[in-house]
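> Take a look at this one; I'll ask things after.
In full-length UniProt numbering, the protein residues as written are 1 to 295.
So this is what it looks like as structure tokens:
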């Protein structure tokens, strides 16, 4: 069973709020569970659909993907009605919940394997009117950082399903490491509430704070490990790096006296995300760098 809360009052828009698309990400589940208990229906003008644990099997197992079929929810859309458990859940969202929604807010963080500066994000889209509407709600979310990004591999994503349907999609990365913090949960709560207010679904005053605008628009922003080994980060989250700087090293775990393999930045910018565990494997995302657009 996947818990769902529906708050319906008035004739306004519908917002679909989701957490635990990946089961080891906790800001969304905490913030949405709290909102489901605290939103006053008299302040609602429209409909709010809250699903704190989108991939419930993964969430209950505290794993990124489902322990039942190893399905990655964010690569399973549009789903299959008679497929695996993950595909069936995706199909329900695709064909039952998504058609009801005008706006989708999907709260992500880094899970056990990544850690991020807290940002809300929109995608660079071919539909510029939809992109502009989305950017307005990202600004209203008012996270410490606001990112505009080009999704390099969008096949099967919930994001893609929403945007292909012509709906507004706001997402986040709020910390990581396989837990949550008071700070990141507060950012999620305030941001979701702000978006609902900005969209006219919830009555209230916007609680805005300064944000730094960032951009990721090509593959140079991402550094991927090509080796297994002991991971050394050379620049922490929030550091500025220049193209060519050594940003990470991978040390041999079977022999001493072996020089580590160095990885250099492929672009200049702000360190926005990093691999979290102390051991890294080939194919793991090592570092994410974003261009600062304005502060």
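Note that the Cβ used here is the ideal one computed from N, Cα and C, for glycine as well.
1) Which residue or residues does DSSP assign as beta-bridge partners of residue 202?
2) Looking at C-alpha atoms only, which residue of 107, 274 and 15 is the closest neighbour of residue 187?
3) Taking C-alpha atoms, which residue in 130, 102, 182 and 157 lies nearest to residue 46?
4) Output needed for residue 207: all residues of its chain with C-beta closer than 8 Å, excluding positions within five of it in sequence on either side, in chain order.
5) In the DSSP assignment, find the beta strand (DSSP E) that holds residue 122 and state where it starts and stops.
6) Would you mind reading off the limits of the alpha helix (DSSP H) that contains residue 162?
7) Whose CA, out of 280, 205, 29 and 261, lies closest to the CA of residue 246?
8) Quick one: give me the first and last residue of the alpha helix (DSSP H) that residue 290 is part of.
9) So, residue 109 versus residue 166, is the Cβ gap smaller than 7 Å?
10) Where do the N-terminal and C-terminal ends of the alpha helix (DSSP H) with residue 135 fall, by residue?
11) Alpha carbons only, please: which of 266, 100, 68 and 104 is nearest the one belonging to residue 88?
12) Could you tell me which whole alpha helix (DSSP H) segments of length 4 or greater appear in the segment 164 to 199?
Judging by the given coordinates:
1) By DSSP's assignment, residue 202 forms a beta bridge with 44.
2) Ranked by how close their Cα comes to the Cα of residue 187, the residues 107, 274 and 15 have 107 in first place.
3) Selected option, being the one with the closest Cα: 102.
4) Result list for residue 207: 142, 190, 193 and 194, in chain order.
5) Residues 119 to 123.
6) Secondary structure note for residue 162: its alpha helix (DSSP H) is the uninterrupted segment 158 to 164.
7) Of the candidates 280, 205, 29 and 261, 261 places its Cα closest to the Cα of residue 246.
8) Segment 285 to 294 is the beta strand (DSSP E) holding residue 290; no alpha helix (DSSP H) there.
9) No, the pair does not count as a contact, with Cβ atoms beyond the cut-off.
10) Start and end: 128 to 141.
11) When each option's Cα is compared against that of residue 88, the closest is 68.
12) If only complete runs of 4 or more residues are kept, the segment 164 to 199 shows the alpha helix (DSSP H) at 182 to 198, in order along the chain.
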